[in-house]
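Protein chains: 2
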Amino acid sequence: MIWICFFVFLAACFAAGSTGGLFPPGRWYDQLAKPSWTPPNWLFPVAWTTLYICIAAAGARVAVQPDNALAMAFWALQIALNTLWTPVFFGLHKLRLGLVVLVALWLSVAVAMVMLWSVDRIAGMLFLPYLAWVTVAGALNLSVLRLNPDADADADAEAAPEV
Amino acid sequence: MIWICFFVFLAACFAAGSTGGLFPPGRWYDQLAKPSWTPPNWLFPVAWTTLYICIAAAGARVAVQPDNALAMAFWALQIALNTLWTPVFFGLHKLRLGLVVLVALWLSVAVAMVMLWSVDRIAGMLFLPYLAWVTVAGALNLSVLRLNPDADADADAEAAPEV
């Protein structure tokens with residue numbers, strides 16, 4: 001049962017992660033001014049693959065245990081927000097809205113971690129690297145927004161790409 | 164507890180549903196040939212708002228009950244796929260890949276319905292309109308793909324919008 005759950009949660013992570021291939025950084029992102037500590041592009045898929053395995057494992061461990069209501073609700077919330085961020089940032093080039101989504105994602109991951117921990121400590125710990133990475137991603141999104149105030153699609157609605 | 168869970172699941176639905184506003188149909192969709200039974204544009208947000216309330220209620224009812232592992236895993240999977248479809252179809256204009264996502268969504272909703280039903284019959288029934296609507300959406304996506312074979316962004320990679 002726990003393995004079936006693991007693979008179903010992993011499939012949800014795959015749906016979220018597929019946005020990385022569908023909405024790649026591309027020229028727009030390459031040309032943006034970025035802080036000196038920006039991780040190299042190749043690190044993102046490596047980090048996310050590792051994180052998604054941890055995220056799915058945490059979900060599966062808690063799914064098979066009682067009193068998992070809030071942990072499961074926040075697990076679902078974080079994966080929806082995780083799926084949403086890439087299309088908003090890399091698809092629509094909405095830096096400010098991307099930051100809003102990332103802050104919501106950070107909060108949902110933080111609460112999920114606490115709720116998972118209350119059911120199963122290992123599951124809670126499996127969310128720690130995720131929270132750390134989303135913190136870095138949030139700082140990067142904020143920094144890119146500050147360094148490129150005119151790159152936000154919402155900053156100049158006329159210049160926004162038509163979708 | 165069940166109310167908190169309801170609002171967390173509803174927040175996940177809101178993240179999924181926000182793609183409808185972020186990636187609106189627009190001129191591209193308006194110009195596509197569509198089958199005679201295509202629902203009018205205004206019906207989609209009305210239907211989805213109703214469905215999301217049912218989907219969140221089903222999730223909350225089952226989250227607070229024991230033996231909910233697979234139901235919760237498939238609830239998470241369907242919301243990730245639900246969030247993914249709109250950016251793929253309306254954002255990237257990938258009709259064929261959109262259909263693949265919709266088939267995966269249909270399967271995840273169908274299995275989620277069975278798993279929810281096994282824990283709580285009302286929760287299972289709350290997923291029935293969702294499955295019906297995704298069936299319509301899938302038939303529409305297939306029909307639009309057949310009627311507009313050249314509209315698929317993947318059909319002519321050179322003409323694909325840069326994102």
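Residue numbers (the working numbering), protein chains in the order written: chain A, 1 to 163; chain B, 164 to 326. All C-beta atoms in this analysis are idealised placements derived from N, C-alpha and C, irrespective of residue type, glycine included. Since the structure is predicted, the reported quantities are computational estimates derived from the model, not experimental observations.
- Taking the CA atoms as reference points, His256(B) sits about 13 Å from Leu247(B).
- Rounded to whole angstroms, the Cβ separation of Leu10(A) and Ala56(A) is 4 Å, and the two are in contact under 8 Å.
- Under the Cβ criterion of 8 Å, Leu51(A) is not counted among the residues facing chain B.
- Taking a Cβ-Cβ cut-off of 8 Å, the neighbours of Val88(A) in chain B comprise Leu185, given in sequence order.
- By the C-beta density criterion, Asp315(B) is buried, having at least 16 other C-beta atoms within 10 angstroms.
- In the DSSP annotation of this structure, the continuous segment of the alpha helix (DSSP H) that includes Pro208(B) starts and ends at 206-226.
- Ranked by how close their Cα comes to the Cα of Asp154(A), the residues Gln31(A), Gly98(A), Ala33(A) have Gly98(A) in first place.
- C-alpha of Cys54(A) to C-alpha of Ala104(A): approximately 20 Å in a straight line.
- Interface annotation, Ala153(A): not in contact with chain B, CB-CB separation never under 8 Å.
- For the 8 Å CB-CB criterion, Ala179(B) and Asn231(B) do not form a contact.
- DSSP, reduced to helix, strand and coil, places Phe290(B) outside both helices and strands of the structure shown, so it counts as coil.
- Residues Gly98, Leu99, Leu102 of the same chain have their beta carbon placed closer than 6 Å to that of Asn141(A), with the five preceding and five following residues left out of the count.
- When CB distances to chain A are screened at a threshold of 8 Å, the residues of the stretch 213-238 of chain B falling below it are Gly222, Ala223, Ala226, Val227, Pro229, Asn231, Ala232, Leu233, Met235, Ala236, Phe237, Trp238, in chain order.
- Per the coordinates, the alpha-carbon of Trp211(B) lies some 43 Å from the alpha-carbon of Ser36(A).
- Taking all protein chains in view, the Cβ of Gln241(B) is crowded by 16 or more other Cβ atoms within 10 Å, so the residue is classified as buried.
- Here the stretch 269-278 of chain B lies against the stretch 287-299 of chain B, with 3 or more beta-carbon pairs under 8 Å apart.
- Take Met164(B), set aside five residues on each side of it, and the residues of its chain with a beta-carbon closer than 8 Å to its own are Val227, in chain order.
- Judged by DSSP in its simplified three-state form, Ser306(B) adopts helix.
- Assigned with DSSP and collapsed to three states, Gln194(B) falls in coil, not helix or strand.
- By the Cβ neighbour-count rule, Leu43(A) is exposed, with fewer than 16 other Cβ atoms within 10 Å of its own.
- Look at Pro66(A) here: in three-state DSSP terms it is coil, with no helix or strand label.
- Within the stretch 110-134 of chain A, contact with chain B at the beta-carbon level (separation under 8 Å) is assigned to no residue.
- Residues of chain A whose Cβ lies closer than 9 Å to the Cβ of Thr201(B) do not exist; the shortest such Cβ separation is about 20 Å.
- At least 8 Å separates the CB of Leu140(A) from every CB of chain B.
- Comparing alpha carbon positions, the residue from Tyr52(A), Ala110(A), Pro87(A) closest to Ala73(A) is Ala110(A).
- A direct Cα-Cα distance of roughly 9 Å separates Leu22(A) from Thr86(A).
- Among the CB atoms of chain A, none fall inside 8 Å of the CB of Ala300(B).
- The contact set of Leu240(B) on chain A, defined by CB atoms closer than 8 Å, consists of Val8, Phe9, Ala11, Ala12, Ala15 in chain order.
- The three-state reading of DSSP puts Pro202(B) in coil, since its state is none of H, G, I, E or B.
- In the DSSP assignment, Phe253(B) falls outside any alpha helix (DSSP H), carrying neither H nor E.
- Apart from the 5 residues on each side of it in sequence, Pro187(B) has no Cβ closer than 6 Å to any other Cβ in its chain.
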